[in-house]
Amino acid sequence: MSYAVKEMFFTLQGEGARSGRPAVFLRFAGCNLWSGLERDRAGAACRFCDTDFVGMDGDNGGRYRDAQSLVETARALWPGGGRPYVVCTGGEPLLQLDRPLLESFRRAGFEIGIETNGTLPVPDGVDWICVSPKGKEALVQQEGDELKLVYPQPEPESHPSSFEGLNFGHFYLQPLDVPGDEAQCLANLKASIAYCLDHPHWSLSLQTHKQIGIR
């Protein structure tokens, strides 16, 4: 199959357990919980997404004809040194991440991470699984390395207590970012801090890439 990529770039991981780690971010176009169009946001299963995953117009974006051509572009972004690391994100990367692409990354020496909403099963061959549940959507992927929950969400199904029994190595609350509303952002941060202090099963995840001005 071909692959629709919004953008691909080299940066530092900004969230969760691997914050600060250099990585090639591979952002696939498309998602199964929202079209990405503002006119559809109010009725979407996920209404708070802060990422543009529509189209293929970003840096190194485009329609890649096969796995090898995509991996070659990713490998060219790695500056050398250490084991190359790619984070497959979106949108929802599992709409496109398949066996040929995983195998091509493996052959190129990559360690492979994924950031997914958890509504689709993660195939074998992914080294680091980060699941970020959204609203009422059923969580199919119920184990992994980290569960990163945007907080607070209004649906009772997305309360942190719903996920504490799952098999993840790390549990993170990430304050919901509300662009343009500093007061609400601060309230969400304070609520996340308070919940983590009251429930030490959880740790706080901040979007450090936004704070330090990188992608």
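Per numbering that gives the first Met the number 0, residue 0 is the first one in the sequence shown, and the count goes up by one each step. Ideal Cβ positions, reconstructed from N, Cα and C, are used throughout, including at glycine.
Between which two residues does the beta strand (DSSP E) containing residue i stretch?
i, result
"T50", "Run containing T50: none; DSSP gives neither H nor E here."
"F24", "21-27"
"C87", "84-88"
"E110", "110-115"
"V139", "It is not in any beta strand (DSSP E) - V139 carries neither H nor E in the DSSP assignment."
"V130", "127-130"
Applying the criterion that 16 or more other CB atoms from any shown protein chain within 10 Å of the CB defines a buried residue, is residue i buried or exposed?
i, result
"Q210", "exposed"
"S204", "buried"
"P122", "exposed"
"N166", "exposed"
"P78", "exposed"
"L185", "exposed"
"T88", "buried"
"A246", "With the chain covering 0 to 214 only, the question about residue 246 has no answer from this structure."
Does DSSP classify residue i as helix, strand or coil?
i, result
"I211", "helix"
"L96", "coil"
"E71", "helix"
"F104", "helix"
"S160", "helix"
"L36", "coil"
"L203", "strand"
"L11", "strand"
"L119", "coil"
Per DSSP, what are the beta-bridge partners of residue i in this structure?
i, result
"G61", "V4"
"P174", "Y150"
"H169", "E145"
"C45", "Answer is none; C45 lacks a bridge partner."
Quick check on residue i - is its C-beta less than 7 Å from some C-beta in chain D?
i, result
"F9", "No chain D is present in this structure, which holds just one protein chain."
Taking the alpha helix (DSSP H) that residue i belongs to, which residues open and close that run?
i, result
"C184", "181-197"
For residue i versus residue j, is the C-beta spacing smaller than 7 Å?
i, j, result
"G112", "Q140", "no"
"C195", "L172", "yes"
"F109", "P132", "no"
"G60", "E114", "no"
"V125", "V23", "no"
"E142", "H169", "no"
"Q206", "G13", "yes"
"C52", "P92", "Sequence check: residue 52 is Phe here, not Cys. Against a cut-off of 7 Å, the Cβ pair of P92 and F52 comes out as no contact."
"V70", "F104", "yes"
"L11", "P21", "yes"
"L136", "A73", "According to the sequence provided, residue 136 is Glu. The question's Leu does not apply to it. Going by C-beta atoms, E136 is not nearer than 7 Å to A73."
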